[in-house]
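Undergrad: Numbering-wise (our numbering), the sequence shown opens with residue 2 and increments by one. Every residue, glycine too, gets a C-beta built ideally from N, C-alpha and C. Small disclaimer: the values here were computed from a predicted structure and weren't measured.
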Amino acid sequence: MSVNKSTSTLVFFVNGKKVTEVSPDPECTLLTYLREKLRLCGTKLGCAEGGCGACTVMVSRLDRRANKIRHLAVNACLTPVCAMHGCAVTTVEGIGSTKTRLHPVQERLAKAHGSQCGFCTPGIVMSMYALLRNAEQPSMRDLEVAFQGNLCRCTGYRPILEGYKTFTKEFTCGMGEKCCKVNGNACASDTDDTLFERSEFQPLDPSQEPIFPPELQLNEAFDSESLVFSSERVTFYRPTNLEELLQLKAQHPAAKLVVGNTEVGVEVKFKHFLYPQLINPTQVKELLEIKETPDGIYFGAAVSLMEIDALLRQRIEELPETETRLFQCTVDMLHYFAGKQIRNVACLGGNIMTGSPISDMNPVLTAAGAQLDVASFVDGKIVRRSVHMGTGFFTGYRRNVIAAHEVLLGIHFRKTNPDQYIVAFKQARRRDDDIAIVNAAINVQFEERTNKVAEISMAFGGMAPTTVLAPRTSELMSGQEWNHQLVERVAESLCSELPLAASAPGGMIAYRRALVVSLFFKAYLSITLKLSKSGVISSDALPPEERSGAEIFHTPVLKSSQLFERVCSDQPICDPIGRPKVHAAALKQATGEAIYTDDIPRMDGELYLAFVLSTKPRAKITKLDASEALALEGVHQFFSYKDLTEHENEVGPVFHDEHVFAAGEVHCYGQIIGSIVADNKALAQRATRLVKVEYEELTPVIVTIEQAIEHKSYFPDYPRFVTKGSVEEALAQADHTYEGSCRMGGQEHFYLETHAALAIPRDSDELELFCSTQHPSEVQKLVSHVTSLPSNRVVCRAKRLGGGFGGKESRGICVALPVALAAHRMGRPVRCMLDRDEDMLITGTRHPFLFKYKVGFTKEGLITACDIECYNNAGWSMDLSFSVLERAMYHFENCYRIPNVRVGGWVCKTNLPSNTAFRGFGGPQGMYAGEHIIRDVARIVGRDVLDVMRLNFYKTGDRTHYHQQLEHFPIERCLEDCLTQSRYHEKRLEIARFNKENRWRKRGMAVVPTKYGIAFGVMHLNQAGALINIYGDGSVLLSHGGVEIGQGLNTKMIQCAARALGIPPELIHISETSTDKVPNTSPTAASVGSDINGMAVLDACEKLNKRLVPIKEALPKGTWKEWINKAYFDRVSLSATGFYAMPGIGYHPETNPNARTYSYYTNGVGVTVVEIDCLTGDHQVLSTDIVMDIGSSMNPAIDIGQIEGAFMQGYGLFTLEELMYSPQGMLYSRGPGMYKLPGFADIPGEFNVSLLTGAPNPRAVYSSKAVGEPPLFIGSAAFFAIKEAIAAARLDQGLSGHFPLEAPSTSARIRIACQDKFTNLLDIPEPGSFTPWNIVP
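1) Could you check where the beta strand (DSSP E) with Trp-907 kicks off and where it finishes?
2) Below 8 Å CB to CB, which residues in the same chain sit around Cys-815 once its five sequence neighbours on both sides are set aside?
3) In chain order, what residues of the same chain lie with their CB nearer than 6 Å to the CB of Glu-407, ignoring the 5 residues before and after it?
4) With a CB to CB cut of under 6 Å and the five nearest residues on each side skipped, what residues in its chain are close to Val-183?
5) Based on the DSSP output, what are the partners of Gly-1005 in its beta bridges?
6) Decide if Lys-1222 is buried, meaning its Cβ has at least 16 other Cβ atoms within 10 Å, or exposed.
7) Going residue by residue through the segment 425-491, where are the continuous alpha helix (DSSP H) segments of at least 4 residues, counting only ones entirely within it?
8) Quick one: any contact between the segment 1074-1086 and the segment 765-785, if contact means 3 or more CB pairs under 8 Å?
9) Less than 8 Å between the CB atoms is what I'm expecting for Ile-1112 and Ala-1101, so what's the real figure, rounded?
10) Please confirm whether any heavy atom of the ligand NAD lies closer than 7 Å to the CB of Glu-634.
11) For the segment 851-865 against the segment 686-696, do three or more pairs of beta-carbon atoms, one drawn from each stretch, fall closer than 8 Å, so that the two count as touching?
12) Can you tell me the Cα-Cα spacing of Asp-1243 and Leu-990, whole angstroms?
13) Do you know whose CA, among Arg-109, Ala-524 and Phe-461, lies nearest Ser-360's CA?
14) Return the Cβ separation of Tyr-337 and Lys-427 in integer angstroms, given the expectation that the two are a contact with Cβ distance under 8 Å.
15) Is Gly-845 close to chain B, meaning its C-beta is less than 8 Å from at least one C-beta of that chain?
16) So for Gly-927, helix, strand or coil by DSSP?
17) What's the gap between the Cα of Glu-178 and the Cα of Phe-197?
18) Cβ atoms of Ala-1016 and Ile-1191: under 8 Å apart, would you say?
19) Smallest Cα separation from Phe-274: which of Ile-280, Gly-266 and Asn-281?
20) Determine, using beta carbons only, whether Leu-559 and Leu-1105 come nearer to each other than 8 Å.
21) Rank Ile-596, Gly-671 and Phe-640 by C-alpha distance to the C-alpha of Lys-617 and give the top, closest one.
22) CA-CA distance, Thr-355 and His-1299?
23) Cβ atoms of Gly-1042 and Asn-1094: under 8 Å apart, would you say?
24) To the nearest whole angstrom, what separates the beta carbons of Ile-423 and Asn-444, a pair I think is in contact under 8 Å?
25) So Pro-971 packs on Asn-1164, CB below 8 Å; how close in whole Å?
26) How many Å lie between Thr-1185 and Pro-277 at the Cα?
27) Check this for me: beta carbons of Val-260 and Thr-283, under 8 Å apart or not?
28) Fully enclosed by the segment 351-381, which alpha helix (DSSP H) runs are 4 residues long or longer?
29) Taking only three categories from DSSP, how would you classify Pro-160?
30) Which residue from Leu-947, Lys-800 and Thr-981 puts its Cα closest to that of Ala-1339?
31) Could you give the first and the last residue of the continuous beta strand (DSSP E) run that contains Phe-300?
32) Bridge partners for Ile-1187 per DSSP, in chain order?
33) Mapping DSSP to helix, strand and coil, what is Ser-1?
34) Could you give the residue range of the alpha helix (DSSP H) that holds Val-728?
35) Looking only at its own chain, which residues have a Cβ that is under 6 Å from the Cβ of Ala-889, when we skip the five neighbours before and after it?
36) Please go through the same chain and pick out, in chain order, the residues whose beta-carbon is closer than 6 Å to the beta-carbon of Ala-442, but skip the five residues on each side of it.
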């Protein structure tokens, strides 16, 4: 072996400090090292698969070949710490802090209100910081690319982009008026449109950035030394020359080469693969070369995708267009290839060698017939050969012709010639950072200056276990003219050449088969346009209405406005009510100083708990044996149902029908069977896989609502009915009756912080819990039940949550109870934070719903009667499903008065993890049915939907079907404002014109009103408490019963107390929510957090103010501090509790007929315009306008943030987010890779939100209204707009505009609903004749 100095000591820098680690663990990621070894907890774990960006850090390394320092944003969760040798890592703590000074990147995000729960904030900050280190003045496109790999579940992205666009060249300018009001809507005097003042931002000064460590710059050994790091299981090699690399590969043919570790990292984490040898070739110059020749460019196999992209873009600018068509095709594909953090480190060699069937680049390289250079070490010398990517290159699933001892050196990208065209298309669930469903690349060579095909190569991904070519179809095209007749023949040929079995993995069979033809047709349109542009064929070869079919969607530059009520000019400056105050913890969140449950420092003797989960949907456990796991060193104990009495093991939020550990029988995949307690996370998780569980399977397994109906699998006491008037009579007398149904899927909460708990024993009979829960009192009560300690010995504390959305209201017990039990029994601190895949598997989702309705109405469209059945899929236990169903039953009519109603509700019992609360709590599902009904009525009577809505709207004074009278019902005002703001009538005409002029693109627009009842459905929960302590220096410590989940509750409570006590908000602090400060609290849910806790805070403030009256009278000129000082010396109590019980609610037809069900309603209207691509099913939201009535907003910045965040979550629910289950009920979509929530690129191109002015609400604190859940349903406007666009496409084809569409309206459902000549070619097998790969619950 060529002699090279070798070392086993890892040296790198973190935030300017040198870190030296002797023999590091090759399995350890940079994220684990930062958090656990260096205690830098600003960097968060969100998904462990590089899909959410919460773990983004900046890695700087010296590129000695170019003598340039490269700054890269990377995913710390995938980066091996061993690959950091000689690098400088910068984390969010390293760029600024609240104690020293904030970096402008941190400050602008916080002050622009771009941080709500704050868990994704450090990752977003670091993505932006890395961008600014590479370009002092980025463009808006750079911004779009920088955030492709970051997700946020709270904000709806708009404020993040608004804050950060102040760094871009398009939006930096002298601080003139023009700039601050980008939209130039000077508004009327009673409204305001500025949520933050740009002039207050500190400027960016690049000269102040930390320097690259000189030691790394000067010492070449960091790059020239060979590295060998070994642990018991894995050895990590970093060779420094080709011979050394090839010798290693000859010795260990099964060794994996890792460059970015973006594929192997995921396999090791989620598939539990063990690769005993890992080789990192990033210092082997042959794999990093870039060589340019007259006929193309050669890239080394380890060159990162970002570098390839940058060089190709440069050459596209400089070279003639005819030579760079492959380059153009490659950069177009790379734009949608994963996120920027992945592209910064991933290499093309890895993509080719992984050989994923849905790889984005392999079809392009296969169609282009790229040439690869390969080398190996045989008989003491290096042997090179070249391989052609094309027919026969891939030999099977993730296998190819390159042998195990060979190494791929590089890839040749050839220049194209003037008669060669190459185009590629990718279709995914979401455009940015997503794996393809199907992708296609078409490379066609014409005879010189003609449209006659000389040869063509077409490669497709997602249609077989490998990237496939279509040789038969290509043969058929050879020598043919490129025209419409050819398309018809090719479409038929492709359908037969690329079949797909009805139960093929990945599902969506009809869609994938349709995409093959559609993507070819897109390529045909695109190439035809280019041929006519270059004068080869006539310019009218393509009819004008077909041309837009060749295009794909691009993210527009965001336009937005936010309008809210201006604060009265005589309001004191220190009174914060009504002002857009920044979230109280935003600055800490932006610097990574905010502590979440898992950031609490490790304690001495602390253990980690991991779960053994069920792998069957319904079965008896016949054997449970943990002996092998317990034999591992460092594994301490295994807990199962045998460690608890039957009574202690039975738990649940309302009904105790669940178990801490499955008792002899499992009811779904992912049910907790037992837990292992060990020294650390990796060991505990490895041990759980050694626990032997044997089952005896039971039948039937019920997964879907339809199966539950067939087996009559309902919870006891269901169905229940709510009636008003006489439905049968009214239906019999109606001019028209119509029967219909609608269905919608569930939704994963995807809070960025998964469930976490830490339990610490205090004395022998006390327990302290830190828990990521929305309901600390519930956790306290059930821990007390499981450990048999009284509640006064159990304290549950929650400082802040990284998002909750209802998912942490009742499901927190899954983690908290086993952790508390282990800590109590073992007398040691125990911690657990679920991995993303565990969290998604265990904790349940929003309830899927099925509605069947019969509606009666007049010939004008006035609804007279409705008989509706509501079914929800509850999963295996009751949880809160009864309450979710009740809210759906009470909200199905939305804003429409129906005089005669019968609503039936069924809670379906299925073998799925128990479904639970989720923002909206059944309301959005119910209103979804109402919006279908109103549209059915309008269609049948042939009137405009808007007219039928107006005809049926409730008026003030009307009664609902649950007998509540509506006071102040402003829906008409919201509607008029929204129509004006959105230029509705103008847009209607524009859309009609657009649809006439475009065959393959269609637009639609929808108006959606909403009415959301505010109160807990259960009477006793509508109460809250508060505790205020004033200290001698005048500072105030406030505690209340609500939990800060990111919704700004603490900020609003500080504002309430500041006004009530008449002091500046800076004097008030909220530390945490804890059961020993405010007892018996309600969950922070149902949108009433600020309503009830705010009133409790006011109650406490009033008591204190009363006590201070005599002191203020004695010292009329005194300051607050002087008054408090005197009160203390006068022995006046400076501590007070507050309490509030919501009055006038708790309606019951017999026992409490005069009460109301809801305290009041929050209303709003949204108008959304979308455009769909009829060939691929892709869509884009062009604009959204929302007008919400939220009373007198206490904090417009927070409330508008809630509206935008709820809208985006609702948009996800109705259009993007699809949960995939196997027919047996196993969840496939267990992370951001398969489950797509909206990303930065999915927000509406124009996003305007207005708060209704002059509409105070007398029934809540400071005339405000609840805002958390009500706006979510407005997201369905995108769904109904898509439906309208599909109808336009169908009418073009002479089909009915009435068709079923389930929510979410995914690209697959949109494409299949747009029936055309291509979908008609598909022969779809009958349902029931095969077992599908996935089903809809």
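TA: According to the structure shown:
1) 901-910
2) Ile-673, His-756, Ile-843 and Thr-844
3) Val-375 and Ser-377
4) Any reading at Val-183 is ruled out, since the residue's pLDDT is 43, under 50, leaving its predicted position unreliable.
5) Val-1171
6) Rather than Lys, the amino acid found at residue 1222 in this sequence is Tyr. Tyr-1222 is buried by the Cβ-count criterion.
7) 472-478
8) yes
9) That pair is no contact at about 18 Å.
10) With respect to the ligand NAD, the structure offers nothing, as it holds no ligand at all.
11) no
12) 25 Å
13) Phe-461
14) 6 Å
15) Although the question refers to chain B, the structure presented lacks it and comprises just one protein chain.
16) helix
17) Reliability of the predicted coordinates at Glu-178 is poor, the pLDDT of 43 falling under 50, and the value obtained from them is presented with this limitation in mind. Cα-Cα distance, rounded: 13 Å.
18) no
19) Gly-266
20) no
21) Gly-671
22) 45 Å
23) yes
24) 4 Å
25) 6 Å
26) 53 Å
27) yes
28) 362-369
29) helix
30) The structure shown has nothing for residue 1339, since the chain only spans 2 to 1338.
31) 297-301
32) Gly-1167 and Val-1250
33) With the chain covering 2 to 1338 only, the question about residue 1 has no answer from this structure.
34) 728-734
35) Cys-871, Gly-923, Gln-926 and Gly-927
36) Pro-364, Val-365, Ala-368, Ala-425 and Ala-460
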